[in-house]
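Enquirer: Protein sequence lines correspond, in order, to chains A and B.
Its first residue numbered 253, the first sequence is counted upward by one per residue in this note's numbering.
Its first residue numbered 20, the second sequence is counted upward by one per residue in this note's numbering.
Following this message is one structure expressed as structure tokens.
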Amino acid sequence: MLKTQDSVFLEFDNVKKSYDQKNLVVKGFNIAVEQGEFITLLGPSGSGKTTVLMMLAGFESVTSGTISIRGNSINRTAPYKRNIGMVFQNYALFPHMTVAENLGYPLSVRGMNKTAQRDRIAEYLKLVELDAFGDRYPGQLSGGQRQRVALARAMIFEPTLILMDEPLGALDKKLREQMQYEITRLHEQLGFTVIYVTHDQTEALSMSNRIAVFNDGIVQQCAPPAELYERPANAFVAEFIGENNFIKGKVDRIEGGRAVVSIPGEGTIVAEAAGGLVEGANSVVSIRPEKLFIHPTTHDHDNEIEAKFIARIYVGDFIRYYFRLADGSEIVVKVLNDLSAPEFSEGDTGRLQWLISDSIAFPDQAEMPETMG
Amino acid sequence: MRGFPEYFTIWHIAGHYALRAMAFLVLAFLILPILVIIPLSFNAEPFFTFTQGMLALDPEAYSLRWYSEILNDQKWTLAIWNSFVIGIAAAILATVLGTVAAVGLASPWMPFKRIITALLLSPMIVPLIIIAAGMFFFYTSFGLVGTYPGLIIAHAALGVPFVIITVTATLTGFDRTLFSAGLSLGASPIKVFWDVVIPLIRPGVISGGLFAFVTSFDEVVLVLFLAGPEQRTIPRQMFSGLREQINPTILAVATLLVVVSIALLVTLEFLRRRSERLRGTG
């Protein structure tokens with residue numbers, strides 16, 4: 253993504269990190285973030301995303317490369333002089349201080365007088381809807397309330413950049429969704445820049461302006477959520493973001509950006525060709541389970557493949573069908589739970605249909621990553 | 020009272036009561052020698068045994084004369100003064116050094132952690148007489164033998180291991196991200212240490228300090244080697260009292276020491292409960 257130099261707020265320039273001087277945990281991270289953006293670093297554990305955050309916060313040193321804010325390198329700035337707010341996964345509230353004292357701490361460190369502090373604390377307590385809780389100790393709050401205090405404490409000294417390290421990881425599903433909304437609201441209201449680390453893709457997709465997908469110390473793709481989901485740059489991203497089916501085959505030919513792939517025992521299918529795909533090479537074709545349809549269907553289709561029915565699982569709002577291809581691999585189809593959801597008995601053959609534009613042919617990588625929750 | 024489970028045989032029940040009896044015997048064995056000195060210290064006669072009058076609970080047979088003896092004897096008042104001065108000074112010194120050491124040792128980047136810990140804890144393990152002999156020769160060359168600073172430093176060295184152990188114990192429950200959080204909020208490492216770390220490990224620091232004080236308070240071997248007549252502490256005075264003038268003054272002093280020990284134990288327990296309460300809500 254091209255940007256004019258002066259709109260860049262935060263920049264990572266070829267940042268590398270090694271703990272043992274041998275193996276790189278982060279292998280050359282580049283990103284330019286604009287003021288007010290919500291950027292999520294998404295990836296499996298051990299992919300280097302948290303290390304990037306720790307380098308930005310100043311808790312880890314940078315092995316090589318430059319991190320700069322408004323064009324000035326912060327590599328050699330002590331963490332307590334960076335003026336970056338941070339929300340920790342376990343909240344990290346000071347247990348011996350009341351909520352108000354926790355919020356007041358960054359203010360008194362900055363030499364703000366008591367009256368101004370009291371006003372600011374009241375303002376931020378109101379912002380996170382905890383007006384009546386100023387005198388409580390963190391131990392007397394619920395998980396969601398603690399997380400809101402942690403948020404308020406990271407924002408109260410008005411940093412332009414706030415880091416969040418899996419802040420919702422310890423909350424249950426319902427609270428998590430509520431807090432996602434809360435964070436998005438505060439981000440829009442106050443306009444700070446957010447760097448958010450998570451391994452939860454739903455969280456990433458629903459909150460971010462852009463998502464950087466990490467694997468093995470490398471950013472696999474950095475794009476807005478919709479683009480990431482609809483146009484994954486490689487098989488890892490296609491697998492990691494959302495659910496996906498992969499059909500193995502060989503590329504017969506590529507024409508007009510589309511690849512004709514022959515599937516052993518199934519005939520040929522056509523799919524959008526991803527970058528790096530060459531004729532004659534092995535390929536995996538990805539199709540989302542919700543883009544597949546079972547014949548008979550009223551949906552348009554360009555491709556069709558036959559598969560043996562294995563199982564039908566009732567999930568509630570939709571039904572999951574499992575099929576097996578000739579080469580033994582499994583295919584999942586997600587069908588909305590309406591009257592058209594077909595019935596099969598084991599061993600039946602189903603005809604699966606889909607559009608060329610809903611499928612992408614990627615070069616086959618030796619190892620496909622495991623599906624992440 | 021809770022009944023025995025139905026499957027209990029007569030042997031189970033016998034075993035149950037035997038265990039209780041055993042436990043009470045052990046307790047009595049430990050505590051009786053201490054308890055017996057308390058009534059004896061109120062003896063009106065200069066004997067170490069219960070007189071007829073005492074056994075008959077005759078008020079005439081009891082008196083506070085040995086207590087007033089302590090207060091009127093300049094040797095005893097000096098010893099009490101010395102014990103408190105040396106004990107408190109040594110405890111403060113040990114608390115500061117031990118806390119700093121424990122915090123350093125708790126750091127994940129601390130090299131040679133095991134060796135340093137072993138060295139710092141060695142005064143607890145090495146026989147006192149060896150430490151005393153070593154210190155005597157070592158301190159002589161610095162002119163520290165027979166001085167208050169000499170005795171205070173020596174007792175602080177004995178107290179440091181207790182402080183390290185108690186502070187390390189509270190530090191294991193300390194969440195390191197609190198330190199990072201303090202930094203991210205703009206406080207310098209030293210400020211975070213004072214504002215966040217110290218308040219949270221305070222119970223460990225204080226109980227370590229109390230242990231250090233008690234260690235110094237009842238220590239006699241180092242005092243025998245290092246103290247001059249001016250630095251005689253209570254245990255040292257009791258030691259010579261036992262040999263020179265046997266009378267119940269010693270029992271009165273011992274009773275006072277028991278009272279001091281109980282006060283310290285109660286303080287410790289209070290601190291423990293308080294920190295548990297903080298932990299429970301934190």
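Don't be surprised by glycine CBs; every beta carbon is placed ideally from N, CA and C.
1) Rounded to whole angstroms, what's the CA-CA distance from V285(B) to S226(B)? Just pull it up for me.
2) Please determine, among T601(A), F340(A), F409(A), the residue with the shortest C-alpha to C-alpha distance to G421(A).
3) Figure out for me which residue from S259(A), V536(A), Y343(A) has the closest Cα to the Cα of S199(B).
4) Reducing DSSP to helix, strand and coil, say where R322(A) ends up.
5) Could you give the DSSP three-state label for W128(B): helix, strand or coil?
6) Taking the continuous alpha helix (DSSP H) assigned at R39(B), which residues delimit it?
7) Measuring alpha carbon to alpha carbon, tell me which of A330(A), V401(A), F545(A), T601(A) ends up nearest N555(A).
8) If contact means a Cβ-Cβ distance below 7 Å, which residues of the region 215-243 of chain B contact chain A?
9) When you compare the CB positions of A523(A) and R540(A), do they come within less than 8 Å of one another, or not?
10) Cutting at 8 Å between CB atoms, please list the residues of its own chain near L604(A), excluding the five before and the five after it.
11) Would the beta-carbon of A613(A) fall within 8 Å of that of V537(A)?
12) Does the structure place the region 409-427 of chain A close enough to the region 374-390 of chain A that three or more beta carbon pairs sit under 8 Å?
13) Report the rounded CA-to-CA distance for M338(A) versus L308(A), giving the unit in angstroms.
14) If I follow the unbroken beta strand (DSSP E) through Y566(A), where does it start and stop?
15) Excluding five sequence neighbours on each side, which residues of the same chain lie with their C-beta closer than 6 Å to the C-beta of I447(A)?
16) Should E495(A) be labelled buried (16 or more other beta-carbon atoms within 10 Å of its own) or exposed?
17) Are the Cβ atoms of S235(B) and G178(B) separated by less than 8 Å?
18) Check for me: the alpha helix (DSSP H) holding I220(B) runs from which residue to which?
19) Under 7 Å Cβ to Cβ from V240(B), same chain only, skipping five residues before and after it: list those, please.
20) In angstroms, rounded to a whole number, what distance separates the CA positions of A404(A) and V224(B)?
21) Which of the three DSSP states is assigned to F290(A) in this structure?
22) Please classify P358(A) as buried or exposed, where buried requires at least 16 neighbouring CB atoms within 10 angstroms.
23) Using CA coordinates, which residue listed in F444(A), T329(A), G396(A) is at the minimum distance from G288(A)?
24) Taking contact to mean 3 or more Cβ pairs, one atom from each stretch, closer than 8 Å, check whether the region 162-175 of chain B and the region 247-254 of chain B are in contact.
25) Please classify G469(A) as buried or exposed, where buried requires at least 16 neighbouring CB atoms within 10 angstroms.
26) Buried or exposed: where does T28(B) fall if 16 or more other Cβ atoms within 10 Å of its Cβ makes it buried?
27) Looking at the unbroken alpha helix (DSSP H) that takes in G169(B), where does it start and where does it end?
28) Need the endpoints of the beta strand (DSSP E) that P615(A) sits in, please.
29) How would you list, in chain order, the residues of chain A whose beta-carbon sits under 7 Å from the beta-carbon of S207(B)?
30) Within the continuous alpha helix (DSSP H) that includes G501(A), where are the two ends?
31) Enumerate in chain order the residues of its own chain whose CB-to-CB distance from G599(A) is below 8 Å, with the five nearest sequence positions on each side excluded.
32) State the start and end residues of the unbroken beta strand (DSSP E) segment that holds E582(A).
33) Compare the C-beta of M407(A) against all C-beta atoms of chain B and say whether one is closer than 8 Å.
34) Rank M143(B), I107(B), I269(B), G205(B) by C-alpha distance to the C-alpha of A330(A) and give the top, closest one.
35) Within 8 Å of any Cβ in chain A, is that where the Cβ of A200(B) sits?
36) Strictly under 8 Å for the Cβ-Cβ distance: is S203(B) near chain A by that measure?
Expert: Considering the structure as presented:
1) Their Cα atoms are separated by approximately 11 Å.
2) Answer by Cα proximity: F340(A).
3) Answer by Cα proximity: Y343(A).
4) It is coil, neither helix nor strand.
5) DSSP places W128(B) in the coil class of the three-state scheme, outside both helix and strand.
6) Start and end: 29-59.
7) When each option's Cα is compared against that of N555(A), the closest is F545(A).
8) If you check each beta-carbon in the region 215-243 of chain B against every beta-carbon of chain A, the ones closer than 7 Å belong to V215, P218, L219.
9) Judged by their CB atoms, A523(A) and R540(A) are not nearer to each other than the 8 Å cut-off.
10) The answer, listed in chain order, is L544, F545, I546, H547, E556, I557, E558, A559, F575, I583, V585.
11) Yes, Cβ-Cβ distance for A613(A) and V537(A) is below 8 Å.
12) Segments in contact, no.
13) Looking at the two C-alpha atoms, the distance is approximately 10 Å.
14) Under the DSSP assignment, Y566(A) falls in the beta strand (DSSP E) whose first and last residues are 555-566.
15) If the five residues before and after I447(A) are omitted, its C-beta is found closer than 6 Å to the C-beta atoms of I291, L415, all from its own chain and listed in chain order.
16) Under this definition E495(A) is an exposed residue.
17) Less than 8 Å separates the beta-carbon of S235(B) from that of G178(B).
18) That run of the alpha helix (DSSP H) goes 217-236.
19) Hits under 7 Å: L147, I148, A151.
20) In this structure, the alpha-carbon of A404(A) lies about 32 Å from that of V224(B).
21) F290(A): strand per DSSP, three-state reduction.
22) Here P358(A) is buried: its Cβ has 16 or more other Cβ atoms, across all protein chains shown, within 10 Å.
23) Of F444(A), T329(A), G396(A), the residue nearest in Cα terms is F444(A).
24) With a cut-off of 8 Å, the region 247-254 of chain B and the region 162-175 of chain B count as touching, because enough Cβ pairs lie within range.
25) Flag for G469(A) reads buried.
26) Exposed is the call here.
27) Where G169(B) is concerned, the enclosing alpha helix (DSSP H) stretches over 167-191.
28) That run of the beta strand (DSSP E) goes 611-615.
29) Result: Y332.
30) Counting along the chain, G501(A) falls outside any alpha helix (DSSP H), though it belongs to the beta strand (DSSP E) covering 497-507.
31) K560, F561, listed in sequence order.
32) In the DSSP assignment, E582(A) falls within the beta strand (DSSP E) that extends over 582-588.
33) For M407(A), no Cβ of chain B is located within less than 8 Å of the residue's own Cβ.
34) Checking every option, the nearest Cα to that of A330(A) belongs to G205(B).
35) By this cut-off, A200(B) is an interface position.
36) Yes - at least one Cβ of chain A is within 8 Å of the one on S203(B).
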